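A.B. asks: Mind having a look at this structure? Questions to follow.
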Amino acid sequence: TGLTSYWTDDVIARRVRETRATAALDSQAPQGDTTQDESREAVLWLNHVQGAFYALFLGFIVAFLTLLWEKVAHFRSCLSKVTTHQHC
175 TGLTSYWTDD VIARRVRETR ATAALDSQAP QGDTTQDESR EAVLWLNHVQ
225 GAFYALFLGF IVAFLTLLWE KVAHFRSCLS KVTTHQHC
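The C-terminal residue of the sequence shown carries number 262 in this note's numbering, and the numbering is unbroken.
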């Protein structure tokens with residue numbers, strides 16, 4: 175709708191102005207200044223989210239092992255029923 179597009183355009187325009195102002199300030203800052211603004215956005219690299227991927231793959235492994243365990247348990251129960259002539 176019109177209100178949504180107006181608000182989106184306003185937000186985008188404000189963000190562009192802020193980014194340009196920040197870039198202008200950064201270019202004017204002395205090169206030896208190593209202080210960082212805490213409100214700046216940081217680029218996330220793989221090493222920043224590496225722990226999440228480890229947890230994800232650990233979950234995959236646990237789920238796969240659980241599936242195998244259930245299949246083996248079901249197979250064993252079917253084998254015991256076959257020897258007693260019952261249906262699985």
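C-beta: ideal position from N, C-alpha, C; glycine also. Since this is a predicted model, take the numbers as computed values, not measurements.
Under the three-state reduction of DSSP, which class applies to residue 219: helix, strand or coil?
C.D. replies: coil
A.B. asks: Where do the N-terminal and C-terminal ends of the alpha helix (DSSP H) with residue 262 fall, by residue?
C.D. replies: No alpha helix (DSSP H) holds residue 262; DSSP gives it neither H nor E.
A.B. asks: Any heavy atom of the ligand SAH closer than 7 Å to the beta-carbon of residue 255?
C.D. replies: By its list of ligands, the structure shown contains no ligand whatsoever, and the ligand SAH lies outside what it can speak to.
A.B. asks: From residue 185 to residue 178, what does the alpha carbon distance come to, in whole angstroms?
C.D. replies: Cα to Cα, residue 185 sits roughly 11 Å from residue 178.
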